[in-house]
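Below is one structure, written out as structure tokens, with a few remarks after it.
Protein chains: 2
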Amino acid sequence: MSDKLEFTQEVIELARISKALSHPVRVYILLKLSKMDSCCYSGDLVEELPVGRSTLSQHLKELKYAGLIQGEIKPPYIKYCINRKNWERAKKLFASFLNNDLGVSTLLQKTESLIHS
Amino acid sequence: MSDKLEFTQEVIELARISKALSHPVRVYILLKLSKMDSCCYSGDLVEELPVGRSTLSQHLKELKYAGLIQGEIKPPYIKYCINRKNWERAKKLFASFLNNDLGVSTLLQKTESLIHS
DNA sequence: TTTATATTTCGCAAATATACGAAATGAATC
DNA sequence: GATTCATTTCGTATATTTGCGAAATATAAA
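Now the structure itself:
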């Protein structure tokens with residue numbers, strides 16, 4: 414069989430989450446938020462991290478877009494927290510990945526099965 | 414304390430590995446190689462994956478550079494395998510990350526401690 | 001030595017990521 | 001309404017990533 418296949422959702426999702434974690438600033442933010450089990454202001458983070466405010470805001474936006482964190486507006490602040498549900502999902506996916514629990518059949522699929530499903 | 418800090422090796426390494434995993438082709442290759450517990454030719458992969466030969470070669474190069482795989486020349490082929498040692502290290506790092514086993518003190522460090530250590 | 005095969009490197013184009021300062025936003029307070 | 005504060009968006013510059021085909025490389029076979 415030499416047909417080109419498409420990636421499954423699992424593979425695409427793993428890549429998407431990995432991308433969200435592919436910068437030290439974002440790794441740090443996620444580690445801190447998941448550890449604190451509480452929330453955090455953008456202003457607190459910019460004090461510690463070696464980037465400017467607007468750059469930090471971009472990183473927060475990316476993590477939000479990836480669904481890994483969420484912001485709650487508490488004027489004049491915005492409190493950022495881990496998105497527990499998606500974070501647990503990410504953890505499970507990665508655990509499967511690292512422990513080789515993902516079956517070969519979950520790596521690729523034929524185009525047809527995507528179209529007709 | 415509002416001094417800017419630097420990232421620890423753990424944070425930098427997590428970001429680096431995540432970056433290597435931030436593309437579906439690379440996730441697929443790593444999953445396949447770690448699952449097979451054997452090796453794989455570039456030619457086999459290009460048959461399955463939706464990218465051309467030179468593009469696949471780039472992805473393999475990146476994974477090699479990240480230390481996650483290694484290539485053994487078996488003319489006229491090159492056999493690619495998981496780099497077991499580094500893969501185990503990556504697994505441990507990620508497991509700590511996902512389980513919140515990394516202490517807060519392992520996230521950032523003062524510039525001084527880098528310079529004088 | 002020529003030919004065939006597998007893979008990589010090169011050159012290029014397009015898209016995405018990273019960073020910053022300045023300006024804009026949105027809510028509370030004066 | 002004007003001011004203040006925390007944060008985001010905009011505009012811009014630069015660097016990196018992704019992709020491809022053509023050319024180069026390296027080895028085995030004819």
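Read top to bottom, the protein sequences are chains G and W.
All residue numbers for the first sequence refer to this note's numbering, where the first residue is 414 and numbers rise by one.
All residue numbers for the second sequence refer to this note's numbering, where the first residue is 414 and numbers rise by one.
Quick reminder that beta carbons are idealized off the backbone N, C-alpha and C, glycines included.
N- and C-terminal bounds of the beta strand (DSSP E) containing residue i
{"i": "G484 of chain W", "result": "I482 to K487"}
{"i": "C494 of chain W", "result": "Y490 to I495"}
Span of the alpha helix (DSSP H), counted from its first residue to its last, around residue i
{"i": "S455 of chain G", "result": "S455 to E461"}
{"i": "S447 of chain W", "result": "P437 to M449"}
{"i": "V424 of chain W", "result": "Q422 to A433"}
{"i": "L469 of chain W", "result": "R466 to Y478"}
Beta carbon of residue i nearer than 8 Å to that of residue j
{"i": "L446 of chain W", "j": "C453 of chain W", "result": "yes"}
{"i": "E501 of chain W", "j": "C494 of chain W", "result": "no"}
{"i": "I442 of chain W", "j": "L476 of chain W", "result": "yes"}
{"i": "S455 of chain W", "j": "I491 of chain W", "result": "yes"}
{"i": "L427 of chain W", "j": "V440 of chain G", "result": "yes"}
is_contact[residue i, chain G] using C-beta, thresh 8 Å
{"i": "Y441 of chain W", "result": "yes"}
{"i": "L458 of chain W", "result": "no"}
{"i": "H436 of chain W", "result": "yes"}
{"i": "A508 of chain W", "result": "yes"}
{"i": "A428 of chain W", "result": "yes"}
{"i": "K498 of chain W", "result": "no"}
{"i": "P489 of chain W", "result": "no"}
{"i": "S431 of chain W", "result": "yes"}
{"i": "E485 of chain W", "result": "no"}
{"i": "L481 of chain W", "result": "no"}
{"i": "L469 of chain W", "result": "no"}
CB contact check: residue i to chain W, cutoff 8 Å
{"i": "I425 of chain G", "result": "yes"}
{"i": "L476 of chain G", "result": "no"}
{"i": "K504 of chain G", "result": "yes"}
{"i": "S447 of chain G", "result": "yes"}
{"i": "L515 of chain G", "result": "yes"}
{"i": "L418 of chain G", "result": "yes"}
{"i": "L473 of chain G", "result": "no"}
{"i": "S526 of chain G", "result": "Legend: pLDDT at S526 of chain G = 41, less than 50; position of this residue unreliable, value from coordinates given subsequently. Not one chain W Cβ lies under 8 Å of S526 of chain G."}
Would you check if there are 3 or more beta carbon pairs closer than 8 Å linking the stretch 506 to 514 of chain G to the stretch 451 to 464 of chain G? no
For the stretch 468 to 477 of chain G and the stretch 467 to 487 of chain W, state whether three or more C-beta atom pairs, one from each stretch, are separated by less than 8 Å. no
Flag this pair as touching only if the stretch 429 to 436 of chain G and the stretch 431 to 445 of chain W have three or more C-beta atom pairs under 8 Å; answer yes or no. yes
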